Amino acid sequence: MSLYRDTGVVLRVQKLGEADRIITLLTRRHGKVRAVAKGVRRTTSRFGARLEPFGHVDVQFYTGRTLDIITQVQTVDAFGVGLVDDYPRYTAACAVLETADRLVPEEGEPALRLYLLLAGALRALSGGERDAGLVLDAFLLRAMAYAGWAPAVTECARCGAPGPHRAFSVPAGGSVCPRCRPAGAASPATETLRLMDALVHGDWAVAEASGDRARRECSGLVAAHLQWHMERQLRSLPLVDRQGRVEEQTT
Ligand SMILES: [Zn+2]
1 MSLYRDTGVV LRVQKLGEAD RIITLLTRRH GKVRAVAKGV RRTTSRFGAR LEPFGHVDVQ
61 FYTGRTLDII TQVQTVDAFG VGLVDDYPRY TAACAVLETA DRLVPEEGEP ALRLYLLLAG
121 ALRALSGGER DAGLVLDAFL LRAMAYAGWA PAVTECARCG APGPHRAFSV PAGGSVCPRC
181 RPAGAASPAT ETLRLMDALV HGDWAVAEAS GDRARRECSG LVAAHLQWHM ERQLRSLPLV
241 DRQGRVEEQT T
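If you count the sequence shown from 1, position 12 lands on 12 in UniProt numbering, and the numbers rise without skipping.
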């Protein structure tokens, strides 16, 4: 019998049988962990409520033959409490969880940087002091940097010429100079790329001074860049990863 402890964020909760759940966490030291929480769907469960999505928890695991078993849970931060009554914050937080989940396809691979980004983004969303859309885009840009495909924001994605440049192409890898600009590149406003650069570097004074148009344009480019790379990544995953889904818990 082997026990271990770790701190993590609950990414996903799935039903297992009559009373149990499979909890997917992104942990500080063990990367993504899928573990069974026994009896948590009974109303008398002591730790069921702590193991909901967005929960930041300290967990004791017992190493099982297939899935590990959760034996103790303590709440570190109940991020969900600040999110459930605010739809923009809630949807931004859902996108944060889903992206973190998809960026770590393998269990047990350390992902400390992503864990820290995830906990930081949920803390900011739950705290409510910063704009939810800006927090989400900052998280997505940094998460993409973690995955190794951050968009080029100031230099040209193809030749490295220093910018800022006026064109942005997702397939080319971000902002592009006039010579490298492929057909179909977008032409975002200068302020949009300035906002994107501020979000990458955590310059919140610049980010919060941005206008609505720049925020909308920045979100669109970030989402397009993320989707393009996610789809490429998903195609390279073994098929079993997509078929092995258990029934999702929706409550
Ligand atoms: Zn170039």
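Even glycine gets a Cβ: it sits at the ideal position worked out from N, Cα and C.
This one's a predicted model, so the numbers in the text were calculated from it and none came from an experiment.
message = So, for Ser126: in the same chain, excluding its five sequence neighbours on each side, which residues have a beta-carbon less than 6 Å away from its beta-carbon?
response = Phe79, Gly82, Leu83
query = Within this structure, are the beta carbons of Thr174 and His225 separated by less than 9 Å?
reply = The sequence shown places Gly at residue 174, not Thr. Result yes, Cβ atoms of Gly174 and His225 sit closer than 9 Å.
Per-residue burial, Tyr115 [other beta carbons within 10 Å of its own, 16 or more giving buried] = buried
message = Could you compute how far the alpha carbon of Val96 sits from the alpha carbon of Asp131?
response = So the two alpha carbons sit approximately 14 Å from each other.
ask   = Between which two residues does the alpha helix (DSSP H) carrying Ser126 extend?
value = 112-127
For Leu67, the three-state DSSP class (helix, strand or coil) = It is coil, neither helix nor strand.
Sub-9 Å separation of Val57 and Val10 beta-carbons = yes
query = Looking at C-alpha atoms only, which residue of Thr91, Ser2, Lys38 is the closest neighbour of Gln14?
reply = Lys38
task = Could you check what DSSP says for Asp137 in three-state terms: helix, strand or coil?
result = helix
query = ligand 1 heavy atoms versus the CB of Cys156: any closer than 8 Å?
reply = Checking the 8 Å criterion, the Cβ of Cys156 is within range of a heavy atom belonging to ligand 1.
inquiry  = Shorter than 8 Å, the distance from the beta carbon of Val176 to the closest heavy atom of ligand 1, or not?
reply    = yes
query = In whole angstroms, what separates the C-alpha of Gly120 from that of Gly128?
reply = Here the C-alpha atom of Gly120 lies approximately 12 Å from the C-alpha atom of Gly128.
inquiry  = Just verifying my parser: in three-state terms, what is the DSSP assignment at Asp197?
reply    = The answer is helix: DSSP assigns Asp197 an H, G or I state.
query = CA-CA distance, Arg166 and Cys177?
reply = 7 Å
query = On the three-state DSSP scale, how would you describe Glu107?
reply = Reduced to three states, the DSSP call for Glu107 is strand.
query = From Pro162 to Ala145, what does the alpha carbon distance come to, in whole angstroms?
reply = 19 Å
query = Taking just the CA atoms, how far does Thr24 sit from Arg12?
reply = 5 Å
query = Taking the beta strand (DSSP E) that Val10 falls in, what are its first and last residues?
reply = 3-16
task = State the DSSP-derived secondary structure class of Ala150, mapped to helix, strand or coil.
result = coil
ask   = Is it right to say Pro88 is buried, meaning 16 or more other beta carbons lie within 10 angstroms of its own, or is it exposed?
value = exposed
ask   = Where does the unbroken alpha helix (DSSP H) through Ala205 begin, and where does it stop?
value = 204-208
ask   = Quick one: what's got a C-beta closer than 6 Å to Gly202's C-beta in the same chain, skipping five residues either side?
value = none
key: As assigned by DSSP and simplified to three states, the class of Gln249   = Confidence at Gln249 is low in this model, with a pLDDT of 39, below 50, so its placement is unreliable and no value can be given for it.
query = Heavy atom of ligand 1 less than 8 Å from the Cβ of Gly184, yes or no?
reply = no
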